[in-house]
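Here is the structure we will look at, set down as structure tokens.
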Amino acid sequence: MLHQTTFLTIYILMITFILGCALGSFTDCLAGRMLNGTSVLKGRSHCDACGHVLGVLDLVPLFSRLCLRGRCRYCGAKIPAEAFWTELVSGIACCLIMYRYDVSVLALRGILLWMVLLCLTLTDLHAWIIPDRLQIAGILIFFGTALGLPEPGRQMLRGVLTGAGLAVSMLALSLLFDRLTGKESLGGGDVKLFFVTGLYMRSAWEVLFFLILSCVLGIAGSVIGRREKIPFGPAIAAACFCMLLYGDIWTQWYTGLF
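Oh and the sequence shown: position 15 is 15 in full-length UniProt numbering, straight run, nothing missing.
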């Protein structure tokens, strides 16, 4: 459907971008409320500085911040740029998913999983926390969308075995590393996240590429941030997203070399 005509492709991607930006705005709010311990379903968005409830025109993704020049309409306090970049990146990510999978169950799975990965990235960056609720959401998304795919039973079994094997392996390596160095390498949330992301890996090659990419991104984050210790969840999430988009393509390319 997406690639039938150029006009249709542009139209669907534009709608997807707008939706993705809105989902990014929601996810940013969700992450903040999770860290604050407030309900996601109760209470309206408000300015953190003056507490004024925000109106509809204050909550339009991307445009509100640009029109207000990054400041609250009511008190003039500066609004953190994180929300703007979260919305923009989310819009682009959703477009990449839609372009890769067209209008399909896999596209729905990808967008829902993206929201989970984005949210846990924000919570881990801000507070070194990966909430169990997000891990559970990732699991439910896998099983729920698997029902709409061919051979759901086989897909579920493969996912569970891959996720469990990956999590157990990383836990064992982490415990060994901790014992040898006397330092903590992986947190409990990271190990759980390996299980969740492992559900979505489609082959042993994808698992290998996923682990390599996770480590590379983690090291890059440490170097760029000039910090000895950084949260590993964002690197795992980013690697999972890359594998979601291109894992099978990379696998076919690599195995085709032999």
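By construction, the Cβ of each residue, glycine as well, lies at the ideal position given by its N, Cα and C atoms.
CB contact flag (residue i, residue j, <8 Å)
| i | j | result |
| --- | --- | --- |
| residue 343 | residue 25 | In the structure as shown, the chain begins at 1 and stops at 258. Residue 343 is therefore absent and cannot be evaluated. |
| residue 94 | residue 153 | no |
| residue 27 | residue 86 | yes |
| residue 110 | residue 244 | yes |
| residue 132 | residue 234 | no |
| residue 251 | residue 184 | no |
| residue 236 | residue 214 | yes |
| residue 149 | residue 103 | no |
| residue 242 | residue 197 | no |
Closest by C-alpha distance to residue i, when choosing among the options
| i | options | result |
| --- | --- | --- |
| residue 307 | 10, 180, 225, 200 | Nothing about residue 307 can be reported from this structure: the residues present for the chain run from 1 to 258 only. |
| residue 22 | 4, 91, 53 | 91 |
| residue 13 | 218, 45, 99 | 99 |
| residue 74 | 54, 134, 89 | 54 |
Span of the alpha helix (DSSP H) around residue i
| i | result |
| --- | --- |
| residue 135 | 132–146 |
| residue 101 | 82–101 |
| residue 234 | 233–255 |
| residue 192 | 188–198 |
| residue 116 | 105–127 |
| residue 167 | 152–181 |
| residue 65 | 63–67 |
| residue 215 | 204–225 |
| residue 20 | 6–36 |
Status (buried if at least 16 other CB within 10 Å, exposed otherwise) for residue i
| i | result |
| --- | --- |
| residue 56 | exposed |
| residue 116 | buried |
| residue 50 | exposed |
| residue 80 | exposed |
| residue 114 | buried |
| residue 200 | buried |
| residue 7 | exposed |
inquiry  = When you compare the region 118–129 with the region 177–194, are there three or more beta-carbon pairs, one atom per stretch, that lie closer than 8 Å?
reply    = Judged by Cβ distances under 8 Å, the region 118–129 makes contact with the region 177–194, as three or more pairs qualify.
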